[in-house]
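Engineer:
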Amino acid sequence: MTRNTLSSLLLALLLFPASDLMAQVTRTDWQMHKGQGVIPLKLDSGMGHGAQEAYARADIPSKDDPGWVAPPNRETINFGGGSSSQINKAMCPAADGSRKPCGCWEAVDYTYFQTFVTVPPGTEVKEFTIAFDGMDDGSRVSIFDESGAEKLIESSYVKLGGRGTTNLAQDVQQPGTYRVVITQVDDCPTGNTLRSAKVVLNGKDIPNTAPPPTTPVVPNSHGDVHISTPDGLVFDFQAAGEFYLVRSGGPEVIVQARQEMWEENPKVSVNTAAAMMVDGDKLEFYLKPEHTLYINDKRTDWPSSQLTLPKGGTISPSGNNARRDLTIMWPDGSFGARVIMYGTSHIDLGAAKMKDGVRNYGGIIGNLDGNAQNDMKVRYGDQLTPPANITDLNRFGDSWRVPAGQSLFRGGSTAPVKPERQITVMDLDAEKRAEAKQTCQQAGVTDKLALGNCTYDVAQTGHKAFVESAKVFEQATKAAPPQVKVPGDAAARAAITGSIFPISERFELEQGAKYFSESGLHYLSLQDDGNLVVKTVDDRYVWGIQNSGKEWSRNNRAFMQEDGNLVTYDGNEPIWATDTYGKAGATLTLTPAGELHIIYRGKTIWNSAETEYK
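Shown next, in the form of structure tokens:
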């Protein structure tokens, strides 16, 4: 130690008490959980928004629940806004026994946020509070100690307009790590917001001192087996064998998947093993007979913290104890992969490039160039145009089978199987399909693509592990940065998976998305400028509401409602409608001629061709 260094240390000891040097309180990123969805609950309006009674149905998820995702801002939360309430999309019981749109104090919707605060020995805790900004309608703070015991006192409830809790210092006196959970409640359909939450110790904010999380990778070979390429192409791949999920032109990036037929239903397949080359390091992951990891042919314990590979790559566990979930990063940060094991049922795999222009790629998940339409490239052969028929799909898959001499797997290869036809969710028994869909929805699967995959998987296998698989896929898709996520544009999905039409249930159009007709020749869109339009596939105008006399430019939402009415809104204020209300069960369709029709009991009750605004 140099004399200058020693002098600096002695000066620090003189200026700061020993307790301050020891007491480096830290906390993790905020995490968010969307909870159970909207729950009808009649409340006393006289108690105000965010009253203690509003938390009667709250059920805080466990700390390792797979539903925890990153909020919009991991440091401050920055959740919601004026049009974020889910209550205004829900129906509540009316006095006459019917159902009506929920109003204030008729339903609740909980959103949960958690952070972990570590208080080291030597810390004197005089004041501990959670300070809020922009919070609507109310929040409650729970503190859990390391034993999991919940500490909840009346002063931790903060109603609408409140700026934070009172002093909770009595709950964090002992050294250790405390789980701090905010239960934020929405009890009125006019907004749902928590702009900022700060953890304050002895008058000072505790900043987030954790390193940024590993870049998330979407599991793009998941379930039994659904492919979602990073470019946005989605298709089912019910084959067996070993395949290149993706590979670069050289040996730097290779990800191989082993698919086997589901034992109880050989019409569908699942991933049972994965292998990859990470810039010179060979990794193997096996599901059966037990979870096994090999690094450079040496069996290795499953890592409990980040592990650095010999060539400089990393393997990082997610920290979720409910499943085995690893993210693998290449040494230069140019590529990432993900391996998720669900008991002994199946493995979900993901792979994504993190930097543009580094390498060329090809494989079952495409070429990663941002264009979904060129992802079905036969190796050394034709470019197929999706959606592919079963003959083309088998030809595409066969071209990416791993030759015996190039396999990274140990032991014998899986017997190759090619499906004779592509079984869709609509081919399944209607009762079994409805039951599977309900199981998925009750578990919190909401995304249209994830819900379709979940319904298919549960109906085909009867195994609820696929529900968790669908939830993880949905969460990863929403949380991942743009370069590694499946695009949210409904046009990309509809063009591949089929049209959303006819719409026969309550459905909200995502502003800016394109919803294609069954013919694929036209699409319906609520444009960013607020205009609801029908256009051709090459973006030629067919119909719109811009001359309706309504203030259409204010539109930011559009619904096909349960009562048969197609309505646009500015937040919660209706702007334009087809005025076909009172026709529960009506459907909306987009014809090959580009006309919107609302059909009720077999007859058209409204169509856009007769609604031309001059």
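In my numbering, the protein residues as written are 533 to 1146. Don't be surprised by glycine CBs; every beta carbon is placed ideally from N, CA and C.
Could you give the DSSP three-state label for LEU981: helix, strand or coil?
Structural biologist: DSSP places LEU981 in helix when its eight states are reduced to three.
Engineer: Does the distance from the C-beta atom of TYR893 to that of LYS885 stay below 9 angstroms?
Structural biologist: Cβ atoms of TYR893 and LYS885: closer than 9 angstroms.
Engineer: Using only CA atoms, which one of ASP857, TYR1055, ARG1086 and ASN1087 lies nearest to GLY1072?
Structural biologist: In the sequence on display, residue 1072 carries Arg and not Gly. The shortest Cα separation from ARG1072 among ASP857, TYR1055, ARG1086 and ASN1087 belongs to TYR1055.
Engineer: Within the same chain, show all residues whose beta-carbon is closer than 7 angstroms to that of THR1110, passing over the 5 residues directly before and after it, in chain order.
Structural biologist: Answer for THR1110: ASN1097, LEU1098, ILE1130 and TRP1138, listed in chain order.
Engineer: Among ASN803, GLU816, ASP864 and ILE675, which one has its Cα closest to the Cα of TRP834?
Structural biologist: Among ASN803, GLU816, ASP864 and ILE675, the Cα nearest to that of TRP834 is on GLU816.
Engineer: Check whether the segment 910 to 919 touches the segment 802 to 813, counting contact only when three or more Cβ pairs, one atom from each stretch, lie closer than 8 angstroms.
Structural biologist: Result no; under three Cβ-Cβ pairs closer than 8 angstroms.
Engineer: Can we say the segment 980 to 994 touches the segment 755 to 767, given the rule of at least three CB pairs closer than 8 angstroms?
Structural biologist: The segment 980 to 994 vs the segment 755 to 767: in contact.
Engineer: Should VAL820 go down as buried or exposed, given a rule of 16 or more other Cβ atoms within 10 Å for buried?
Structural biologist: Contrary to the premise, residue 820 reads as Lys rather than Val in this sequence. Answer is exposed; the Cβ neighbour count stays below 16.
Engineer: My assumption, with CB atoms under 8 angstroms, is that GLY845 sits in contact with PRO863. Please give the rounded CB distance.
Structural biologist: About 5 angstroms separates the two Cβ atoms, so the contact holds.
Engineer: Looking at the unbroken beta strand (DSSP E) that takes in LEU700, where does it start and where does it end?
Structural biologist: Per DSSP, LEU700 belongs to no beta strand (DSSP E) and is neither H nor E.
Engineer: Smallest Cα separation from ASP1102: which of LYS1082, LYS1115, ASP1095 and LEU1120?
Structural biologist: It is LYS1082 whose Cα lies nearest to the Cα of ASP1102.
Engineer: DSSP three-state call for SER1036: helix, strand or coil?
Structural biologist: Correct three-state label for SER1036: coil.
Engineer: Helix, strand or coil for ASP1102, going by three-state DSSP, please let me know.
Structural biologist: Three-state result, ASP1102: strand.
Engineer: Is there contact between the segment 895 to 913 and the segment 770 to 783, where contact requires at least three CB pairs shorter than 8 angstroms?
Structural biologist: In short, these stretches touch, since the Cβ pair count reaches three.
Engineer: Can you find the residues in the same chain that come closer than 6 angstroms, C-beta to C-beta, to THR1136, ignoring five residues on each side of it along the sequence?
Structural biologist: Closer than 6 angstroms at the Cβ level, and outside the excluded window around THR1136, lie HIS1129.
Engineer: Could you check what DSSP says for VAL999 in three-state terms: helix, strand or coil?
Structural biologist: Note: VAL999 maps to helix in three-state DSSP.
Engineer: Using DSSP with H/G/I as helix, E/B as strand and the rest coil, what is LEU900?
Structural biologist: If DSSP states are grouped into helix, strand and coil, LEU900 belongs with coil.
Engineer: Assign ILE786 to buried or exposed, taking buried as 16 or more other Cβ atoms, counted over all protein chains shown, within 10 Å of its Cβ.
Structural biologist: Buried.
Engineer: What runs of the beta strand (DSSP E), each 3 residues or longer, lie entirely inside the segment 1050 to 1135?
Structural biologist: Listed in chain order, the complete beta strand (DSSP E) runs (minimum 3 residues) inside the segment 1050 to 1135 are 1054 to 1058, 1064 to 1068, 1073 to 1076, 1089 to 1092, 1098 to 1102, 1105 to 1109, 1119 to 1122 and 1128 to 1132.
Engineer: Helix, strand or coil for LEU925 per DSSP?
Structural biologist: Helix.
Engineer: State yes or no: is the C-beta of VAL704 within less than 9 angstroms of the C-beta of THR647?
Structural biologist: Contact: no.
Engineer: Where do the N-terminal and C-terminal ends of the alpha helix (DSSP H) with LYS969 fall, by residue?
Structural biologist: LYS969 -> alpha helix (DSSP H) spans 962 to 974.
Engineer: At the level of alpha carbons, what is the spacing between LEU1053 and ILE1107?
Structural biologist: Each residue's alpha carbon lies about 28 angstroms from the other.
Engineer: I need the DSSP call for CYS634, collapsed to helix, strand or coil.
Structural biologist: Coil, per DSSP.
Engineer: Identify, in the order they occur along the chain, each residue of the same chain with its Cβ nearer than 6 angstroms to the Cβ of PHE676, setting aside the five sequence neighbours on each side.
Structural biologist: Here the set comprises GLU682 and ARG711.
Engineer: As a quick exercise: from GLU607, PHE645 and ASP813, pick the residue whose alpha carbon is nearest that of GLY599.
Structural biologist: GLY599 has its Cα closest to that of PHE645, out of GLU607, PHE645 and ASP813.
Engineer: Identify which residue in ILE1077, SER1049 and THR1068 has its Cα closest to the Cα of LEU1058.
Structural biologist: Minimum Cα distance to LEU1058 is reached at ILE1077.
Engineer: Mind checking which residues open and close the beta strand (DSSP E) that includes ASP813?
Structural biologist: It spans 813 to 818 - the beta strand (DSSP E) in which ASP813 sits, taken as one unbroken run.
Engineer: Grouping DSSP H, G and I as helix and E and B as strand, with all else coil, what is LEU545?
Structural biologist: The predicted model places LEU545 with a pLDDT of 34, which falls under 50 and marks its position as unreliable; any figure quoted below should be read in that light. Reduced to three states, the DSSP call for LEU545 is helix.
Engineer: With contact counted as at least three CB pairs below 8 angstroms, one residue from each stretch, are the segment 1002 to 1013 and the segment 1031 to 1049 in contact?
Structural biologist: Flag = no, the segment 1002 to 1013 and the segment 1031 to 1049 do not touch.
Engineer: Tell me the rounded alpha-carbon separation between TYR1047 and SER760.
Structural biologist: Roughly 19 angstroms separates the two Cα atoms.
Engineer: Please classify GLY773 as buried or exposed, where buried requires at least 16 neighbouring CB atoms within 10 angstroms.
Structural biologist: Classification of GLY773: buried, given that the 10 Å Cβ count is 16 or more.
Engineer: Which partner residues does GLN563 have in the DSSP bridge list?
Structural biologist: Beta-bridge pairing links GLN563 to GLN646.
Engineer: Pick out whichever of VAL1074, LYS969 and ASN1104 has its Cα sitting closest to the Cα of ASN1088.
Structural biologist: Ranking the options by Cα distance to ASN1088, first place goes to ASN1104.
Engineer: On the CB-based measure, 16 or more other CB atoms within 10 Å of its CB, does SER671 come out buried or exposed?
Structural biologist: Classification for SER671: buried.
Engineer: DSSP puts ASP778 in a beta bridge; with which residues?
Structural biologist: Looking at the sequence itself, residue 778 is Val, so the reference to Asp does not match. Its beta-bridge partners are VAL787.
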